[in-house]
Amino acid sequence: MAGSKYEYVKKFELPDPLLMGTFLVLRIDGHAFHKLSEAHSFNKPNDERALQLMDHAARDVMNEFKDILLAFGESDEYSFLFRKSSALYNRRQAKILTTVTSLFTSSYVYNWSKYLPDQELKYPPSFDGRIVLYPSSKEVRDYFAWRQADTHINNLYNTIFWALVLQGGESTSQAHATLRGTVSSKKHEMLHSRFSINYNSLPARFRKGSILVREKVVPDKTDVQALGAEGATDSPDAVSSGTPGPTSGKPAKKPKVQFTTELLHCDIIGDEFWEQRPYLLA
Ligand code: ATP
Ligand code: ATP
Ligand code: MG
Ligand code: MG
Ligand code: MG
Ligand code: MG
Ligand code: MG
Numbered sequence: 001m002a003g004s005k006y007e008y009v010k011k012f013e014l015p016d017p018l019l020m021g022t023f024l025v026l027r028i029d030g031h032a033f034h035k036l037s038e039a040h041s042f043n044k045p046n047d048e049r050a051l052q053l054m055d056h057a058a059r060d061v062m063n064e065f066k067d068i069l070l071a072f073g074e075s076d077e078y079s080f081l082f083r084k085s086s087a088l089y090n091r092r093q094a095k096i097l098t099t100v101t102s103l104f105t106s107s108y109v110y111n112w113s114k115y116l117p118d119q120e121l122k123y124p125p126s127f128d129g130r131i132v133l134y135p136s137s138k139e140v141r142d143y144f145a146w147r148q149a150d151t152h153i154n155n156l157y158n159t160i161f162w163a164l165v166l167q168g169g170e171s172t173s174q175a176h177a178t179l180r181g182t183v184s185s186k187k188h189e190m191l192h193s194r195f196s197i198n199y200n201s202l203p204a205r206f207r208k209g210s211i212l213v214r215e216k217v218v219p220d221k222t223d224v225q226a227l228g229a230e231g232a233t234d235s236p237d238a239v240s241s242g243t244p245g246p247t248s249g250k251p252a253k254k255p256k257v258q259f260t261t262e263l264l265h266c267d268i269i270g271d272e273f274w275e276q277r278p279y280l281l282a
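First residue of the sequence shown? That's 1 in the UniProt record's numbering, and the numbers climb one at a time after it.
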């Protein structure tokens with residue numbers, strides 16, 4: 001098809017491929033959510049409904065993009081880990097980043113009233129986004145450890161800060177001053193002695209953040225028979241499980257391993273989480 005004389009402008013567009021064979025981490029963060037949380041009377045320090053809404057939007061993103069194996073959320077941010085071998089949109093950076101960020105944003109808005117039915121959304125929220133490439137599993141693990149450590153540091157600070165304000169009667173600037181220079185053990189001690197709060201008994205969602213992870217469903221024998229040739233999979237790409245098939249004479253078709261997406265609030269800094277799921281970093 002012959003183009004128009006104007007078509008040359010297309011040549012000004014530059015390719016923006018993401019280096020192949022690297023892990024992609026895409027992080028979105030709410031724009032000016034300090035203000036948004038105030039304008040919509042979020043509970044302080046943690047509005048659980050708002051966190052659940054973030055988890056819902058992240059799950060919608062994972063349902064759409066099967067190359068995402070893991071996501072981690074805290075406060076107004078979510079990080080998504082794409083498999084190293086992802087060929088999504090030919091690894092075009094802008095296409096991936098804008099599509100994921102806008103899907104997350106529209107899901108956040110679309111589902112707002114389910115989680116905050118008493119809070120009319122007063123203006124359209126937005127999220128920024130970035131993609132960072134990591135060359136090996138070490139940096140990926142350290143990235144997620146960095147975000148979960150951040151969750152802990154912020155939550156400890158915010159918990160004692162809002163206890164000082166809401167229960168201790170301090171102004172916000174007084175509370176900041178009270179906490180200036182205090183180390184972690186001092187904050188734990190203040191929480192306990194002044195407000196009878198045992199930090200470790202606070203909800204895990206607040207202390208550990210939200211982990212959405214593809215979990216393998218191990219098919220039992222009856223599932224193997226029922227599956228037949230059609231092993232529907234969620235993601236990652238079908239992996240042969242090696243589970244023995246029905247004893248019908250013919251060599252059984254190996255069922256494809258199925259995946260579900262589970263929401264956890266567990267430790268991801270230590271080895272256990274990753275050792276149980278080696279496919280996340282394959
Ligand atoms: P920026 O646009 O630079 O990201 P921001 O105001 O969004 O600015 P952040 O560092 O991203 O700043 O912090 C987000 C803020 O949103 C938190 O500090 C907190 O005040 C508020 N917030 C987000 N989620 C919640 C929640 N679930 N409950 C209570 N407050 C929240
Ligand atoms: P991609 O994700 O690659 O952009 P796409 O399906 O969105 O794929 P586009 O080239 O962007 O493809 O074209 C958008 C298509 O959406 C149009 O070809 C048309 O079929 C449909 N469309 C968009 N707006 C309208 C509209 N106002 N009325 C009818 N159809 C529309
Ligand atoms: Mg920010
Ligand atoms: Mg923000
Ligand atoms: Mg933030
Ligand atoms: Mg178009
Ligand atoms: Mg289009």
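Note that the Cβ used here is the ideal one computed from N, Cα and C, for glycine as well. From a predicted model like this one, the values you see are computed outputs, not experimental measurements.
query, result
"Cβ contact check for the stretch 203 to 222 and the stretch 255 to 265: 3 or more pairs under 8 angstroms", "yes"
"Any non-hydrogen atom of ligand 4 within 7 angstroms of G30 CB", "yes"
"Close beta carbons around I28, own chain, < 6 angstroms, minus the five adjacent residues each side", "Y78, T101, F104, F127, G129"
"Coarse secondary structure for Q52, derived from DSSP in three states", "helix"
"Buried/exposed call for G73, threshold 16 Cβ in 10 Å", "buried"
"C-beta contact flag for L88 and L280 at 8 angstroms", "no"
"Range covered by the beta strand (DSSP E) that runs through I269", "Here I269 belongs to no beta strand (DSSP E), and DSSP marks it neither H nor E."
"Near ligand 5: E77 beta-carbon under 7 angstroms from a heavy atom", "yes"
"S107 versus S201: straight-line alpha-carbon distance, rounded", "31 angstroms"
"Among Q167, W274, L166, D150, the one whose alpha carbon lies nearest that of S184", "D150"
"Where the alpha helix (DSSP H) through T98 begins and ends", "93 to 115"
"Top-ranked residue by Cα proximity to P17, from F65, L97, D47, N198", "L97"
"Beta-carbon gap between F161 and A175 smaller than 8 angstroms", "yes"
"Environment of V25 [buried if 16+ CB atoms lie within 10 Å]", "buried"
"With 16 other Cβ atoms within 10 Å as the buried cut-off, status of G30", "buried"
"Top-ranked residue by Cα proximity to L164, from P278, R92, H192", "H192"
"Alpha-carbon to alpha-carbon, R92 and I131", "11 angstroms"
"Residues bridged to Q258 [DSSP beta-bridge criterion]", "V217"
"For L14, three-class secondary structure by DSSP", "coil"
"Rounded C-alpha distance that separates W146 from K138", "12 angstroms"
"Same chain, Cβ closer than 7 angstroms to D170, neighbours up to 5 away in sequence not counted", "Looking at the sequence shown, residue 170 is not Asp but Glu. Correct list, in chain order: L164, T178."
"Cut-off 8 angstroms between Cβ atoms - residues of its own chain near A58, not counting five sequence neighbours on either side", "A71, G73, Y78, F80, F104, S210, L212"
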